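*Asks:* The structure is given below, and queries will be raised subsequently.
Have a look at this one:
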């Protein structure tokens, strides 16, 4: 009798669990497809970065972390557009030609630059411009107060260009 009762309890538990798993999967909503992204115009984009200070590798970065030791990093999504692990000159424009990975619609650019320790009490800025041919897509300035790392995200929208020709 004990054996039959044990077998019955096991059947109820395992059967109930199996039934629950099957019913749970039936209630799942249909899979959502990723939105279709259209690549931006084939015309090259040029990114111009002009720091008001000399970016240097972060002195407070953890040892052995190569991603934290950069003096200047520019990213869009997971893609690094520019990275320098050396000190860069102040006031000189850094040009990043042929920026890729931009899509029609909403885009974001992330920039991080580390000022030198000797300028710890000064405010710092980095001017960032994105150009498409002669057209300025955006012109933003990111600030760091009292020697803080200059870091920020620049959201912008690219619209679909009609490249077929002109109406004149």
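Residue numbers (this note's numbering): -3 to 164. Heads up, the beta-carbon is just placed ideally off N, CA and C, and yes, glycines get one too. Computed from a predicted structure; not experimentally measured.
1. Is the number of C-beta pairs between the segment 44 to 55 and the segment 118 to 133 that are closer than 8 Å three or more?
2. Taking the alpha helix (DSSP H) that residue 14 falls in, what are its first and last residues?
3. Nearest-angstrom Cα distance between residue 147 and residue 129?
4. For residue 102 versus residue 153, is the C-beta distance shorter than 8 Å?
5. So, using beta-carbon positions, are residue 105 and residue 145 closer together than 8 Å?
6. I'd like the span of the beta strand (DSSP E) that includes residue 50, first residue to last.
7. Helix, strand or coil for residue 113? Go by DSSP, reduced to three states.
8. Cutting at 7 Å between CB atoms, please list the residues of its own chain near residue 113, excluding the five before and the five after it.
9. Would you say residue 132 touches the ligand HEM, meaning its beta carbon is less than 7 Å from a heavy atom?
10. How about residue 64 and residue 58: do their beta carbons lie closer than 8 Å?
11. So, using beta-carbon positions, are residue 41 and residue 127 closer together than 8 Å?
12. At which residues does the beta strand (DSSP E) containing residue 80 begin and terminate?
13. For residue 164 and residue 94, I'd like the C-alpha separation in whole angstroms.
14. Would you say residue 50 and residue 91 are within 8 Å of each other, going by their C-beta atoms?
15. Within the continuous beta strand (DSSP E) that includes residue 150, where are the two ends?
*Replies:* The relevant details are as follows:
1. Counting Cβ pairs under 8 Å, three or more are found: they touch.
2. Residue numbering aside, residue 14 sits at position 18 when the chain shown is read from its first letter. Per DSSP, the continuous alpha helix (DSSP H) segment holding residue 14 begins and ends at -2 to 22.
3. Here the question's residue 147 lines up with position 151 in the chain shown. Here the question's residue 129 lines up with position 133 in the chain shown. Each residue's Cα considered, the two are about 27 Å apart.
4. On the chain shown, residue 102 is found 106 positions in, with the first residue counted as 1. On the chain shown, residue 153 is found 157 positions in, with the first residue counted as 1. Taking 8 Å as the Cβ cut-off, residue 102 and residue 153 qualify as a contacting pair.
5. Taking the first residue of the chain shown as position 1, residue 105 is located at position 109. Taking the first residue of the chain shown as position 1, residue 145 is located at position 149. For residue 105 and residue 145, no; Cβs fall outside 8 Å.
6. On the chain shown, position 54 is the one that residue 50 refers to. It is not in any beta strand (DSSP E) - residue 50 carries neither H nor E in the DSSP assignment.
7. Locating residue 113 in the chain shown gives position 117, counting from the first residue. The answer is helix: DSSP assigns residue 113 an H, G or I state.
8. Within the chain shown, residue 113 is the residue found at index 117, counting from 1. Setting aside the 5 residues that flank it on each side, residue 113 is surrounded in the same chain by 55, each with a C-beta closer than 7 Å to its C-beta; the list follows chain order.
9. This structure simply doesn't include the ligand HEM, nor any ligand for that matter.
10. As a first step, residue 64 is located in the chain shown; it is residue number 68 there, counting from the start. As a first step, residue 58 is located in the chain shown; it is residue number 62 there, counting from the start. Taking 8 Å as the cut-off, the Cβ atoms of residue 64 and residue 58 count as close.
11. On the chain shown, residue 41 is found 45 positions in, with the first residue counted as 1. On the chain shown, residue 127 is found 131 positions in, with the first residue counted as 1. Yes.
12. Along the chain shown, read from residue 1 onward, the residue named residue 80 stands at position 84. Residues 75 to 80.
13. Taking the chain shown and counting its residues from 1, one reaches residue 164 at position 168. Taking the chain shown and counting its residues from 1, one reaches residue 94 at position 98. In this prediction, residue 164 has a pLDDT of 45, which is less than 50 and means its spatial position is unreliable; what the coordinates show is noted afterwards. Distance between the alpha carbons of residue 164 and residue 94: 30 Å.
14. Here residue 50 refers to the residue found at position 54 of the chain shown. Here residue 91 refers to the residue found at position 95 of the chain shown. Their beta carbons are not under 8 Å apart, which means residue 50 does not touch residue 91 by this criterion.
15. Position 154 of the chain shown, counting from 1, holds the residue named residue 150. It spans 146 to 154 - the beta strand (DSSP E) in which residue 150 sits, taken as one unbroken run.
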